[in-house]
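Participant:
Residue numbers (our numbering): 14 to 151.
Here it is in structure tokens:
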């Protein structure tokens with residue numbers, strides 16, 4: 014058995030008032046994996062884009078770029094050790110992107126899962142993993 018938390022809203026809630034304690038800030042260094050009974054999903058922050066391409070040029074609070082997130086379905090449910098070998102977040106060949114360019118405010122966490130735009134994804138477990146490159150095969 015692997016150490017996955019049971020999904021409850023508190024597990025994705027901000028842990029304090031400081032920006033560094035916000036879950037959205039945590040995703041700068043970590044990736045959130047969430048599971049339903051049959052599917053594993055990945056929530057990761059998207060790579061920085063220039064202000065002219067992100068949000069059609071809109072900027073966030075204080076003129077800073079808004080963080081945008083990507084919600085993907087993992088092609089396979091693998092053990093954590095295998096996930097680390099592939100890299101976290103997974104490379105594009107390992108996931109199917111379901112929602113892209115999502116602002117944090119558009120992720121609506123509920124007691125049974127998350128609403129993203131017009132879609133609901135039921136969740137039963139979650140796990141945060143530190144971002145890491147796949148080990149080089151030399």
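Note that the Cβ used here is the ideal one computed from N, Cα and C, for glycine as well.
Does the segment 78 to 90 come close enough to the segment 108 to 121 that 3 or more CB-CB pairs lie under 8 Å?
Facilitator: Result yes; three or more Cβ-Cβ pairs closer than 8 Å.
Participant: Going by C-alpha to C-alpha distance, which of 123, 60, 51, 48 sits closest to residue 40?
Facilitator: Start at 1 with the first residue of the chain shown, and residue 40 comes out as number 27. With distances taken between Cα atoms, residue 40 lies closest to 60.
Participant: Taking Cβ positions, are residue 144 and residue 25 nearer each other than 8 Å?
Facilitator: The residue you call residue 144 lines up with position 131 of the chain shown. The residue you call residue 25 lines up with position 12 of the chain shown. Taking 8 Å as the Cβ cut-off, residue 144 and residue 25 do not qualify as a contacting pair.
Participant: Assuming residue 114 contacts residue 81 (C-beta within less than 8 Å), just tell me the rounded distance between them.
Facilitator: Translated into the one-based positions of the chain shown, residue 114 becomes position 101. Translated into the one-based positions of the chain shown, residue 81 becomes position 68. Their Cβ separation, rounded to whole angstroms, is 5 Å, which keeps residue 114 and residue 81 in contact under 8 Å.
Participant: Among residues of its own chain, excluding the 5 on either side of residue 99, which ones have a beta-carbon nearer than 8 Å to its beta-carbon?
Facilitator: To locate residue 99, count along the chain shown from 1; it is residue 86. For residue 99, where only same-chain residues beyond five positions count, the Cβ hits under 8 Å are 91, 107, 147.
Participant: Pull up the distance between the alpha-carbon of residue 131 and that of residue 122, whole angstroms please.
Facilitator: Position 118 of the chain shown, counted from the first residue, corresponds to residue 131. Position 109 of the chain shown, counted from the first residue, corresponds to residue 122. Each residue's alpha carbon lies about 13 Å from the other.
Participant: Mark residue 76 as exposed unless 16 or more other C-beta atoms lie within 10 angstroms of its C-beta, in which case mark it buried.
Facilitator: Numbered from 1 along the chain shown, position 63 holds the residue referred to as residue 76. Reliability fails at residue 76, whose pLDDT of 49 lies under 50, so the model's placement of it is uncertain and the value that follows must be treated cautiously. By the 10 Å Cβ count, residue 76 comes out exposed.
Participant: How would you call residue 89, buried or exposed, if buried means at least 16 neighbouring beta carbons within 10 angstroms?
Facilitator: Walking along the chain shown from the start, residue 89 turns up at place 76. Under this definition residue 89 is an exposed residue.
Participant: List in chain order: all unbroken beta strand (DSSP E) runs of 3+ residues lying wholly within the segment 49 to 133.
Facilitator: 53 to 58, 81 to 87, 108 to 116, 120 to 123, 126 to 129, all fully within the segment 49 to 133.
Participant: Label residue 57 either buried or exposed according to how many other C-beta atoms from any shown protein chain fall within 10 Å of its C-beta, with 16 as the threshold for buried.
Facilitator: As a working note, residue 57 is residue 44 in the chain shown. Within 10 angstroms of the beta-carbon of residue 57 lie 16 or more other beta-carbons, which makes it buried.
Participant: Output the boundary residues of the alpha helix (DSSP H) element that contains residue 39.
Facilitator: Along the chain shown, one-based indexing puts residue 39 at 26. Residues 36 to 39.
Participant: Compare the beta carbon distance of residue 124 and residue 22 with 8 Å and say whether it is the shorter of the two.
Facilitator: Position 111 of the chain shown holds residue 124. Position 9 of the chain shown holds residue 22. In contact: residue 124 and residue 22 (Cβ atoms closer than 8 Å).
Participant: Could you compute how far the alpha carbon of residue 50 sits from the alpha carbon of residue 18?
Facilitator: For the purposes of this step, residue 50 is taken as residue 37 along the chain shown, with counting starting at 1. For the purposes of this step, residue 18 is taken as residue 5 along the chain shown, with counting starting at 1. Cα to Cα, the separation comes out at about 14 Å.
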